[in-house]
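Residue numbering for the sequence shown follows numbering that gives the first Met the number 0, beginning at 0 and increasing consecutively.
For every residue, glycine included, the Cβ atom is placed at its ideal position computed from N, Cα and C.
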Amino acid sequence: MAGHSKWANIQHRKGRQDEKRGKAWTRVIREIMVAARAGGGDPAGNPRLRLAIDKAKAVNLPADTVKRNIDKATGNLEGVQYEEIRYEGYGIGGAAIIVDCMTDNRVRTVAEVRHAFSKHGGNLGTEGSVAFQFKHCGQFVFAPGASEDKVMEVALDAGADDVVTGDDGAIEVLCAPSDFEAVQQALAKAGLKPELAEVTWRAETPIELAGDDAQRMQKLLDVLEDLDDTQAVYHNAVLES
Numbered sequence: 000m001a002g003h004s005k006w007a008n009i010q011h012r013k014g015r016q017d018e019k020r021g022k023a024w025t026r027v028i029r030e031i032m033v034a035a036r037a038g039g040g041d042p043a044g045n046p047r048l049r050l051a052i053d054k055a056k057a058v059n060l061p062a063d064t065v066k067r068n069i070d071k072a073t074g075n076l077e078g079v080q081y082e083e084i085r086y087e088g089y090g091i092g093g094a095a096i097i098v099d100c101m102t103d104n105r106v107r108t109v110a111e112v113r114h115a116f117s118k119h120g121g122n123l124g125t126e127g128s129v130a131f132q133f134k135h136c137g138q139f140v141f142a143p144g145a146s147e148d149k150v151m152e153v154a155l156d157a158g159a160d161d162v163v164t165g166d167d168g169a170i171e172v173l174c175a176p177s178d179f180e181a182v183q184q185a186l187a188k189a190g191l192k193p194e195l196a197e198v199t200w201r202a203e204t205p206i207e208l209a210g211d212d213a214q215r216m217q218k219l220l221d222v223l224e225d226l227d228d229t230q231a232v233y234h235n236a237v238l239e240s
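What follows is the structure, given as structure tokens:
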């Protein structure tokens, strides 16, 4: 089925992540600690921790750092305790935004998130105000030029729910979060390497922004991404240059 183009947005996000490798380590460490505390320190029995360790490998986080933070989270070493908080709000043109944070100081975090929204043309909403516009799912994105037939065959056989081809030729594979690992392993076994692979909140009703509105929205997203306690930012804006 056809879908709107999102390749430029993904490339921009990947570029931003590559620029901020130090912050990527911080985010992964927090994710490892929360995952280990919630589901135990054994990756074999903790899918969320396995995914966090995969993210750690992707950003070249040393293995001893991974182990040390698992030990902190499970009580074997003393460490900071983080809690997960989700904020929802509106950006330029009413675009929906979700900001997932991990923090050791809830008061500080909400103040920073609220300030970022208000200073850059957005509004912090209440719990549930925009979450209904997103779907929790596994997502794999292949660059334009990948074999649509091969990706579709392998992904659907492995349990994926849908394969979406964008106007620009990018291919998006969607699956239930619980099927993420099975689909990921099947794609890897078939020699298919996605540019992006994650469990995410995917926008169901995209809003296209162009020109000045797109620039203002990008600025708001960048500021939210740069907050110390931010783990991930999800939105439904399609930014046209």
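May I ask whether a heavy atom of the ligand ATP can be found less than 6 Å away from the beta carbon of residue i?
i	result
residue 106	What this structure holds is no ligand at all, so the ligand ATP is not there to describe.
Would you grab the beta carbon distance between residue i and residue j for me? Rounded to a whole angstrom, and I think it's under 8 Å.
i	j	result
residue 72	residue 105	Contact doesn't hold; Cβ gap of about 19 Å is too wide.
residue 216	residue 208	5 Å
residue 81	residue 140	That pair is no contact at about 29 Å.
residue 97	residue 120	The Cβ separation is near 17 Å, so there is no contact.
residue 132	residue 202	6 Å
residue 42	residue 180	Rounded, the Cβ-Cβ distance is 11 Å, inconsistent with contact.
Does DSSP put residue i in a helix, in a strand, or in coil?
i	result
residue 209	strand
residue 35	helix
residue 2	In this prediction, residue 2 scores a pLDDT of 39, lower than 50, which makes its location untrustworthy; the coordinate-derived value is nonetheless stated afterwards. Note: residue 2 maps to strand in three-state DSSP.
residue 130	helix
residue 231	strand
residue 44	helix
residue 145	coil
For residue i versus residue j, is the C-beta spacing smaller than 7 Å?
i	j	result
residue 172	residue 159	yes
residue 56	residue 27	no
residue 239	residue 232	no
residue 137	residue 176	yes
residue 102	residue 221	no
residue 99	residue 230	yes
residue 88	residue 122	yes
residue 164	residue 147	yes
residue 68	residue 31	yes
residue 170	residue 130	no
residue 161	residue 143	no
residue 65	residue 86	no
By the 10 Å Cβ neighbour count, where 16 or more other Cβ atoms means buried, how is residue i classified, buried or exposed?
i	result
residue 190	exposed
residue 0	A caution first: residue 0 carries a pLDDT of 33, below 50, which makes its placement in the model unreliable, though a value can still be read off. Exposed, because fewer than 16 other Cβ atoms sit within 10 Å of the Cβ of residue 0.
residue 3	Confidence at residue 3 is low in this model, with a pLDDT of 44, below 50, so its placement is unreliable and no value can be given for it.
residue 212	buried
residue 116	buried
residue 210	exposed
residue 40	buried
residue 234	buried
residue 204	exposed
Measure from the C-beta of residue i to each C-beta in chain B and report whether the shortest distance is under 7 Å.
i	result
residue 101	The displayed structure is made up of one protein chain only, and chain B is not part of it.
Residue ranges of each beta strand (DSSP E) within the region 46-122, 3 or longer: For the region 46-122, whole beta strand (DSSP E) runs of length 3 or above, ordered along the chain, are 82-89, 95-102.
Of all the alpha helix (DSSP H) runs that stay within the bounds of the region 148-228, which reach a length of 4 or more residues? Every alpha helix (DSSP H) of 4 residues or more that sits fully in the region 148-228 is shown, in chain order, as 179-188, 210-225.
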